[in-house]
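Some notes on the structure that comes next.
6 protein chains.
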Amino acid sequence: MFARLFAPTVTVHAHCDLPCGVYDPAQARIEAESVKAIQEKYQGNDDPDFRTRALIIKEQRAELAKHHLSVLWSDYFKAPHFEKYPQLHQLFNDALKAASATKGSNDPKTGQTLLDLIAEIDKIFWETKKA
Amino acid sequence: MFARLFAPTVTVHAHCDLPCGVYDPAQARIEAESVKAIQEKYQGNDDPDFRTRALIIKEQRAELAKHHLSVLWSDYFKAPHFEKYPQLHQLFNDALKAASATKGSNDPKTGQTLLDLIAEIDKIFWETKKA
Amino acid sequence: MFARLFAPTVTVHAHCDLPCGVYDPAQARIEAESVKAIQEKYQGNDDPDFRTRALIIKEQRAELAKHHLSVLWSDYFKAPHFEKYPQLHQLFNDALKAASATKGSNDPKTGQTLLDLIAEIDKIFWETKKA
Amino acid sequence: MFARLFAPTVTVHAHCDLPCGVYDPAQARIEAESVKAIQEKYQGNDDPDFRTRALIIKEQRAELAKHHLSVLWSDYFKAPHFEKYPQLHQLFNDALKAASATKGSNDPKTGQTLLDLIAEIDKIFWETKKA
Amino acid sequence: MFARLFAPTVTVHAHCDLPCGVYDPAQARIEAESVKAIQEKYQGNDDPDFRTRALIIKEQRAELAKHHLSVLWSDYFKAPHFEKYPQLHQLFNDALKAASATKGSNDPKTGQTLLDLIAEIDKIFWETKKA
Amino acid sequence: MFARLFAPTVTVHAHCDLPCGVYDPAQARIEAESVKAIQEKYQGNDDPDFRTRALIIKEQRAELAKHHLSVLWSDYFKAPHFEKYPQLHQLFNDALKAASATKGSNDPKTGQTLLDLIAEIDKIFWETKKA
Ligand code: NI
Ligand code: NI
Ligand code: NI
Ligand code: NI
Ligand code: NI
Ligand code: NI
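Next comes the structure, spelled out in structure tokens:
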């Protein structure tokens, strides 16, 4: 049943330095989804306290997105990946800077930019898992 | 392309108290996968320092699994869900206790028990999202 | 009334997953007292920066209250307690939702609601400790 | 003796930098109780993995005790208190060093030393609250 | 003046409770520099969301400054230091209170006051390292 | 050699996403010094509990080193720097992997490798600050 729900993500991933061998760009993506959703809610609500809370929480979610991205770049991806995907260093640096940019902006487009970059990373990630 | 990769998980989820409206059992599941992978690596390596590190990291990943589960139970699920799924309270309590149990055990079966309980929660979660 | 409820909180308690066996609803209560005090200070001070800081800190204290409540529910209370106090699952879920509600409100009444729910939990907790 | 010391702990307290005005030595005491309980459990169980977990968790609880003590010393106590209780600076420094000492020892006596110092601080704290 | 104070900070230092033996007031100083820089940026930008973010981040950096100061006071400095520098207890208490004050103020002068107190601590620190 | 490298570290730096504009490789370096010192203490003490604590703390300090490095790479360094120093991406990736390696090793040589890589980053950092 799990198989059906998560069918195409199927195998598993890792994310610590044991290393346990489990990594998954979904962690960064979920935080980025949250960032964009917060930006949309900010746009739809002009109560100053609501907006202050939106900024507080967006700061945290964007920081978590950065953390998960950094883990992927430094712990999962290795020399052979960087050879095969020479754009990977810059892609991650762009994604991290995009996450920082969402902290200073309430425009959902910045959240979408971050999501797009994570989607590029996700695509490469799963290609390397299949390889 | 994102659509294809994540096809069946499709819609998005939320996990803070703004609330942003984004929730996803995948967060708990990924940590639980890590817990089980650590238990398996522990069984396959009798270096005492490696095992100590396995215990340190397993403690953290299990704690994160507990956090993500608690957020789902208290923030995502609401009165109508508890009416429709009267087993939900106990299911979450069992899952949290199963996560605690993985801290004190290096048997991958305890990690699998946690994963099975998260899969039950996941099933209900996505049913409520479709409803 | 508080005096009566907390009068017997003389002995000691525990709160981790070793488990050390020490639990105490006072941890959640102290954070909730802080939440309510912050809401009162917010009401008495209309400096925008003070209010922003109140929101930042209230978010943290309410989150800590939620954490301490979740630990009690998943780690301290066990099957026999849930049989004897069938309301316990819902009581904790209500308390966690009340804590979330204090994040989005600056009305001290929401802080008091949280404190009242924690007082109910505290009463049951000490009954089980005496049993 | 604890009963006597904590009997009047009915009223409330504060602990952040808004400041909310709520402080309570119970926060440090609960962590220290946990530290001592962990040391006792360590002595009663010679399973190496249990002992490793005891060390991991004791490190965290002792660190939390230090944090709560530091907050009391820097945020709650002010110039008039230090004049009236000239021993207060050294008492806090001793308590913090006693908390550090519990990290490096599994002897419950070190946990008790920490508890005794916190009890001294607690006594002074409640005298100043009544003043 | 900073140049003179920090010129000899060539050798290295430590900061945990193993203890590893590495301590360095630079950790507190860097956070305090950040606090002051944030206050200056706050003064130069009247966008309400920018100011909210400044308050969020200043709260964190000031808290980190407090943590690093507390570690120095409780872990690095010992009885012989307190005998030789009887002002040390009060100096640290003042510095911690100055850090708290920067949370509630956007005046860079409060950031500078904190930096000046850290510079005094730094001077004594390096004298004791040379001794 | 360290003396030469860090001699000009007189001016100040920044490290958040406001951004405050303060960055300093000293933050990563101090954690790395701690890592290496812990490895040396581990080698000099065969008490199993001491060694367990060394592993616990080393894990934390290495993680902090990684965090500080990641901040420098994603927040401080920008496109013109990457053009002028094309080795920068790989250098940071190597440093992060070296930090991960110190978690899994108790050989002080791995701590020194991390320090050497941070020293390279530090050298470039201060060149860009002067530019
Ligand atoms: Ni992992
Ligand atoms: Ni959310
Ligand atoms: Ni405990
Ligand atoms: Ni407070
Ligand atoms: Ni240290
Ligand atoms: Ni900064």
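Residue numbers (full-length UniProt numbering), protein chains in the order written: chain A, 1 to 131; chain B, 1 to 131; chain C, 1 to 131; chain D, 1 to 131; chain E, 1 to 131; chain F, 1 to 131. Ideal Cβ positions, reconstructed from N, Cα and C, are used throughout, including at glycine.
Residue i and residue j closer than 9 Å at C-beta
{"i": "GLY104 (chain B)", "j": "ALA32 (chain B)", "result": "no"}
{"i": "ALA62 (chain A)", "j": "ASP122 (chain A)", "result": "no"}
{"i": "ARG29 (chain D)", "j": "LEU88 (chain D)", "result": "no"}
{"i": "THR52 (chain D)", "j": "LEU55 (chain B)", "result": "yes"}
{"i": "PRO48 (chain F)", "j": "PRO48 (chain D)", "result": "yes"}
{"i": "ASP46 (chain B)", "j": "SER100 (chain C)", "result": "no"}
Residue i versus residue j - alpha carbon distance
{"i": "LEU60 (chain E)", "j": "LYS84 (chain C)", "result": "It should be pointed out that residue 60 (chain E) corresponds to Gln in this sequence rather than to Leu. Going by the C-alpha atoms only, they are around 44 Å apart."}
{"i": "GLU40 (chain B)", "j": "ALA98 (chain B)", "result": "17 Å"}
{"i": "VAL23 (chain F)", "j": "LEU72 (chain F)", "result": "The sequence shown places Tyr at residue 23 (chain F), rather than the Val named in the question. Computed Cα separation, rounded: 7 Å."}
{"i": "LEU117 (chain D)", "j": "LYS109 (chain A)", "result": "55 Å"}
{"i": "HIS67 (chain F)", "j": "LYS130 (chain C)", "result": "47 Å"}
{"i": "TYR42 (chain C)", "j": "ILE38 (chain D)", "result": "40 Å"}
{"i": "LYS58 (chain A)", "j": "PHE92 (chain A)", "result": "20 Å"}
{"i": "LYS78 (chain A)", "j": "SER74 (chain B)", "result": "39 Å"}
{"i": "GLU127 (chain F)", "j": "ASP94 (chain B)", "result": "57 Å"}
{"i": "SER34 (chain A)", "j": "PHE82 (chain F)", "result": "30 Å"}
{"i": "PRO86 (chain A)", "j": "PRO86 (chain C)", "result": "59 Å"}
{"i": "GLY21 (chain A)", "j": "SER70 (chain A)", "result": "16 Å"}
{"i": "ASN106 (chain E)", "j": "TYR76 (chain B)", "result": "38 Å"}
{"i": "GLY44 (chain F)", "j": "PHE50 (chain F)", "result": "10 Å"}
{"i": "ALA65 (chain A)", "j": "PRO80 (chain D)", "result": "46 Å"}
{"i": "ALA119 (chain E)", "j": "PHE125 (chain D)", "result": "31 Å"}
{"i": "LYS36 (chain C)", "j": "THR113 (chain C)", "result": "10 Å"}
{"i": "THR90 (chain B)", "j": "LEU96 (chain C)", "result": "Checking the sequence, you will find Gln at residue 90 (chain B) rather than Thr. One C-alpha to the other measures close to 16 Å."}
{"i": "HIS15 (chain E)", "j": "HIS15 (chain B)", "result": "35 Å"}
Chain-ordered chain A contacts of residue i [CB-CB under 8 Å]
{"i": "HIS89 (chain F)", "result": "HIS89, GLN90 and ASN93"}
{"i": "GLU59 (chain C)", "result": "ARG53, ILE56 and ILE57"}
Closer than 8 Å: residue i CB and nearest ligand 1 heavy atom
{"i": "SER70 (chain A)", "result": "no"}
{"i": "ARG53 (chain B)", "result": "no"}
{"i": "LEU114 (chain C)", "result": "no"}
Any non-hydrogen atom of ligand 2 closer than 8 Å to residue i Cβ
{"i": "ARG29 (chain A)", "result": "no"}
{"i": "ILE124 (chain D)", "result": "no"}
{"i": "ALA101 (chain C)", "result": "no"}
{"i": "HIS81 (chain B)", "result": "no"}
{"i": "HIS67 (chain B)", "result": "no"}
{"i": "HIS89 (chain D)", "result": "no"}
Interface partners of residue i on chain E, CB under 8 Å
{"i": "LYS103 (chain A)", "result": "ARG53"}
Contacts that residue i makes with chain B (C-beta to C-beta distance below 8 Å)
{"i": "ASN106 (chain F)", "result": "ASP49"}
{"i": "ASP66 (chain C)", "result": "Checking the displayed sequence, the identity of residue 66 (chain C) turns out to be Lys instead of Asp. Neighbours of LYS66 (chain C) on chain B, chain order: SER70 and SER74."}
Residue i CB to nearest heavy atom of ligand 5 below 8 Å
{"i": "ALA108 (chain F)", "result": "In the sequence as presented, Ala is not what sits at residue 108 (chain F); that position holds Pro. For ligand 5, not one heavy atom lies less than 8 Å from the Cβ of PRO108 (chain F)."}
{"i": "PRO25 (chain E)", "result": "no"}
{"i": "SER34 (chain F)", "result": "yes"}
{"i": "residue 135 (chain F)", "result": "Here chain F covers residues 1 to 131 and nothing more, so residue 135 (chain F) does not appear."}
Residue i: contacting residues in chain C (beta-carbon distance under 8 Å)
{"i": "VAL22 (chain D)", "result": "ILE30, GLU33, SER34 and ALA37"}
Interface partners of residue i on chain F, CB under 9 Å
{"i": "ALA26 (chain E)", "result": "THR9, ASP24, ALA26, GLN27 and ILE30"}
Neighbouring residues, chain E, relative to residue i (Cβ below 7 Å)
{"i": "LEU18 (chain F)", "result": "ILE38, LYS41, ARG53, ALA54 and ILE57"}
Partner residues on chain A for residue i, Cβ-Cβ distance less than 7 Å
{"i": "LEU96 (chain F)", "result": "SER74"}
Residue i Cβ short of 8 Å to ligand 3 heavy atom set
{"i": "ARG61 (chain D)", "result": "yes"}
{"i": "ALA37 (chain D)", "result": "yes"}
{"i": "LEU18 (chain C)", "result": "yes"}
Proximal residues of chain F, C-beta to C-beta of residue i below 8 Å
{"i": "residue 139 (chain E)", "result": "Absent from the structure is residue 139 (chain E), since the part of chain E shown begins at 1 and ends at 131."}
Residue i: CB within 8 Å of a non-hydrogen atom of ligand 6
{"i": "ASP46 (chain E)", "result": "no"}
Proximity test, residue i beta-carbon vs ligand 4 heavy atom, cut-off 8 Å
{"i": "GLY21 (chain D)", "result": "yes"}
What alpha helix (DSSP H) runs, 4 residues minimum, are completely inside the segment 42-87 of chain E? Whole alpha helix (DSSP H) segments, 4+ residues: 48-71 and 79-84.
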